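*Asks:*
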Amino acid sequence: MGAILYSWQFPHFNALSWNLREDYSRGGYRMMSVTHPDMCRRVALRHCLGLIGLSTLAPALDVTTWNFPIISLPINLYISYLGYRFYRDADRNSARKLFFCSLWHLPTLLLLMLTCKKSLVGKKEKTEALQEAS
1 MGAILYSWQF
11 PHFNALSWNL
21 REDYSRGGYR
31 MMSVTHPDMC
41 RRVALRHCLG
51 LIGLSTLAPA
61 LDVTTWNFPI
71 ISLPINLYIS
81 YLGYRFYRDA
91 DRNSARKLFF
101 CSLWHLPTLL
111 LLMLTCKKSL
121 VGKKEKTEAL
131 QEAS
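Residue numbers (UniProt numbering): 1 to 134.
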């Protein structure tokens with residue numbers, strides 16, 4: 001879950017800083033959107049795509065069931081699409097859409113993760129049964 005939070009922050013804050021880059025520049029803040037605008041967009045896209053991979057990795061790490069990557073794929077594809085548009089267009093409109101998508105994307109993804117979580121009760125019983133058998 002920490003990796004999902006880490007990757008989510010880049011599209012969110014890079015899109016936000018894109019529309020505020022003139023203010024950051026005037027204020028003397030060295031934001032990536034000011035100093036390296038191409039990298040700002042590239043990093044946002046990379047982490048949007050990373051959310052798909054991290055959602056697929058969650059069941060392999062025994063955090064969620066295998067339903068989670070399937071159920072979360074539409075919202076991850078949508079934020080990735082908006083990340084691509086931000087990368088391609090580099091305008092205020094695409095940055096705004098990506099930012100607002102990120103506002104609902106994270107709570108939705110975490111709610112889906114919660115509904116698809118693995119039960120710890122079954123793990124405990126299996127562990128006890130294996131210990132008794134030994």
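Glycine included, C-beta positions come from ideal geometry on N, C-alpha and C.
Every value quoted in this text rests on a predicted model; they were computed, and no experiment measured them.
From valine 63 to glycine 27, what distance separates their C-alpha atoms?
*Replies:* Straight-line Cα distance between these residues: approximately 43 angstroms.
*Asks:* Mind checking tyrosine 87: buried by the 16 CB within 10 Å criterion, or exposed?
*Replies:* Tyrosine 87 comes out buried.
*Asks:* Using 10 angstroms around the beta-carbon of methionine 39, count the other beta-carbons present and answer buried if the total reaches 16, otherwise exposed.
*Replies:* So methionine 39 ends up on the exposed side.
*Asks:* Mind pulling the beta strand (DSSP E) runs of 3 or more residues that sit fully within the segment 76–108?
*Replies:* With a minimum length of 3 residues, no continuous beta strand (DSSP E) run stays inside the segment 76–108.
*Asks:* Starting from the C-beta of serine 72, find all residues in its chain whose C-beta is less than 7 angstroms away, skip the five residues before and the five after it, and write them out in chain order.
*Replies:* So the list reads Ser55, Leu109 and Leu112, once near-sequence residues are dropped.
*Asks:* Which partner residues does alanine 117 have in the DSSP bridge list?
*Replies:* The sequence given here places lysine at residue 117; alanine does not occur at that position. In DSSP, lysine 117 forms a bridge with Thr64.
*Asks:* Nearest-angstrom Cα distance between methionine 31 and proline 107?
*Replies:* Those two C-alpha atoms are separated by around 26 angstroms.
*Asks:* For leucine 82, collect the residues of the same chain with a Cβ closer than 6 angstroms to its Cβ; drop the 5 residues on either side in sequence, then sort them by chain order.
*Replies:* Answer for leucine 82: Lys97, Leu98 and Cys101, listed in chain order.
*Asks:* For asparagine 67, count neighbouring Cβ atoms within 10 angstroms of its own Cβ and tell me buried if that reaches 16, exposed if not.
*Replies:* The residue in question, asparagine 67, is exposed, as its Cβ has fewer than 16 Cβ neighbours within 10 Å.
*Asks:* Mapping the DSSP letters down to three states, classify serine 33 as helix, strand or coil.
*Replies:* Helix.
*Asks:* If you measure between the beta carbons of leucine 57 and serine 7, is that distance less than 8 angstroms?
*Replies:* Not in contact: leucine 57 and serine 7 (Cβ atoms no closer than 8 angstroms).
*Asks:* Roughly how many angstroms lie between the CA atoms of aspartate 23 and valine 43, to the nearest whole one?
*Replies:* If you take the alpha carbons of aspartate 23 and valine 43, they lie about 21 angstroms apart.
*Asks:* Give the DSSP-derived three-state secondary structure of leucine 49 in the structure shown.
*Replies:* Residue state, collapsed to three classes: helix.
*Asks:* Just verifying my parser: in three-state terms, what is the DSSP assignment at leucine 16?
*Replies:* In this structure, leucine 16 counts as helix in the three-state DSSP scheme.
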